[in-house]
Amino acid sequence: LTVRASSYADELVKTAKTIASPGRGILAMDESNATCGKRLASIGLENTEANRQAYRTLLVTAPGLGQYISGAILFEETLYQSTVDGKKIVDVLIEQNIVPGIKVDKGLVPLAGSNDESWCQGLDGLASRSAAYYQQGARFAKWRTVVSIPNGPSALAVKEAAWGLARYAAISQDNGLVPIVEPEILLDGEHNIDRNFEVAQKVWAEVFFYLSENNVTFEGILLKPSMQVADYTLKLLRKRIPPSVPGIMFLSGGQSEVEATLNLNAMNQAPNPWHVSFSYARALQNTCLKTWGGLPENVAAAQEALLIRAKANSLAQLGKYTG
Ligand code: 13P
45 LTVRASSYAD ELVKTAKTIA SPGRGILAMD ESNATCGKRL ASIGLENTEA NRQAYRTLLV
105 TAPGLGQYIS GAILFEETLY QSTVDGKKIV DVLIEQNIVP GIKVDKGLVP LAGSNDESWC
165 QGLDGLASRS AAYYQQGARF AKWRTVVSIP NGPSALAVKE AAWGLARYAA ISQDNGLVPI
225 VEPEILLDGE HNIDRNFEVA QKVWAEVFFY LSENNVTFEG ILLKPSMQVA DYTLKLLRKR
285 IPPSVPGIMF LSGGQSEVEA TLNLNAMNQA PNPWHVSFSY ARALQNTCLK TWGGLPENVA
345 AAQEALLIRA KANSLAQLGK YTG
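The numbers in full-length UniProt numbering rise by one with no breaks, and the one at position 39 of the sequence shown is 83.
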């Protein structure tokens, strides 16, 4: 039995390598309209399309951003959006040497038959959506599913999460998009770090089992785990993640900006088999958003704040951040 390789095989490997290039990482700016609304409310702005556009224009036009940022994850609205000056956001990113990405999952819903756990929707119509996103300029994708420790996890929930990620990854690659594989193990609950380690090992084992079963090219994926303690996280990744995976892009998950940078820097003190980098939303954007405050006269200062965090994380990717 032979399986047809994705016609995008070479391109996928190249895209993944570009995103995982030394001293660079991902700017996650794929907040849904609801989440973006919460961010805007924190600076007293209404959740209108114009305000979302103004904020996203500020982010993507920060001068020289591409020196530190290799990819930007967008919400669907932004993939089709223009800047306030009428330039396509995707084109601005490409000019900055930043690869545009797209969040493709449709969110979590209750998983019937489980212990109040959830599963991630979005496989229906994913192939045609992915083809359209590629046409629009996207070259990578994100799908976030979660595994909850306090509620189990049940064998069913782990299997569903892993299988869903694997189907999404195969469909993405078939349409030229590098899939970011993200099984987020929720940190809330009373359990200790050993229990977390045990669950994470099980989850990653199943994820890679189903990725292989779905003929996913490991050289053409990226991973997005949550980080706990640097040495614990690395120990776990070494046990379960094949070295052919080009990049591991951590989310910031509510850590402070500096904490997220320090933790990334700690993980890059010794050589790793993969590029260990960032895919931060809050840890890149928090100060930037506050500095902007919705006022046009603050745009330059806000962009400077974004560049400061981007540069700090770029240094941390190289293990050279000194504070
Ligand atoms: P945080 O860094 O805020 O956890 O978000 C990560 C992310 O990738 C959202 O897409």
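Backbone N, C-alpha and C define an ideal beta-carbon position, used for all residues, glycine too.
Are the stretch 155-165 and the stretch 112-127 in contact at 8 Å, needing three or more beta carbon pairs? no
Should L56 and G264 be called a contact, given that it needs their Cβ atoms to be closer than 8 Å? In contact: L56 and G264 (Cβ atoms closer than 8 Å).
Check whether the Cβ atoms of A72 and Y324 lie closer than 8 Å to each other. Yes, Cβ-Cβ distance for A72 and Y324 is below 8 Å.
Simplified DSSP state of P269, which is helix, strand or coil: Coil, per DSSP.
Run the proximity test for R239: is its beta-carbon closer than 7 Å to any non-hydrogen atom belonging to the ligand 13P? no
Could you say which of T62, C80, N258, E242 lies nearest to S216 if we only look at CA atoms? N258
Can you give me the C-alpha to C-alpha distance between I146 and E250, rounded to a whole angstrom? 25 Å
Evaluate R183 with the Cβ neighbour count: other Cβ atoms within 10 Å of its Cβ, from every protein chain shown; 16 or more gives buried, anything less gives exposed. Answer is buried; the Cβ neighbour count reaches 16.
Name the two residues that bound the continuous beta strand (DSSP E) containing A72. 69-73
Are the CB atoms of D232 and P194 nearer to each other than 8 Å? yes
In this structure, how does DSSP classify T105 when only helix, strand and coil are distinguished? coil
Leaving out the 5 sequence neighbours to the left and right, which residues in its chain are closer than 6 Å to L170 when beta-carbon positions are compared? I215
Contact set for G297: own chain, Cβ-Cβ below 6 Å, skip 5 residues either direction: Here the set comprises S270.
In the DSSP output, which residue or residues are listed as bridge partners for G145? I117, F184
Give the list of continuous alpha helix (DSSP H) stretches no shorter than 4 residues that lie fully inside the stretch 149-181. 170-179
Secondary structure at I138, three-state DSSP: helix, strand or coil? helix
Take D331 and list the residues in its own chain whose beta-carbon comes closer than 6 Å to its own, dropping the five residues that flank it on each side. Before going further, note that residue 331 is Thr rather than Asp in the sequence given. Annotation for T331: A349 place their beta carbon closer than 6 Å to its own, counting only its chain and skipping 5 residues before and after.
So F253 is in the alpha helix (DSSP H); what residue range does that whole segment cover? 237-257
Exposed or buried, S174, counting other C-beta atoms within 10 Å across all chains shown (16 or more means buried)? buried
Cβ-Cβ separation, R284 to Q329 (assumed contact under 8 Å), whole Å: Contact flag wrong, Cβ pair sits at about 30 Å.
DSSP state of G291 mapped onto helix, strand, coil: strand
Alpha carbon of N95 to alpha carbon of A85, nearest angstrom: 11 Å
Cβ neighbour criterion (16 or more within 10 Å) applied to Q361: buried
Whose beta carbon lies closer than 5 Å to any heavy atom of the ligand 13P, going through the chain in order? A72, D74, L295, S296, G297, S323, Y324, A325, R326
Give the range of the alpha helix (DSSP H) segment to which V202 is assigned. 199-218
Would you kindly check if the distance between the Cβ of A201 and the Cβ of P227 is under 8 Å? no
On a Cα-Cα basis, can you pick out the residue from Y212, P197, L306, L152 that is closest to S172? Y212
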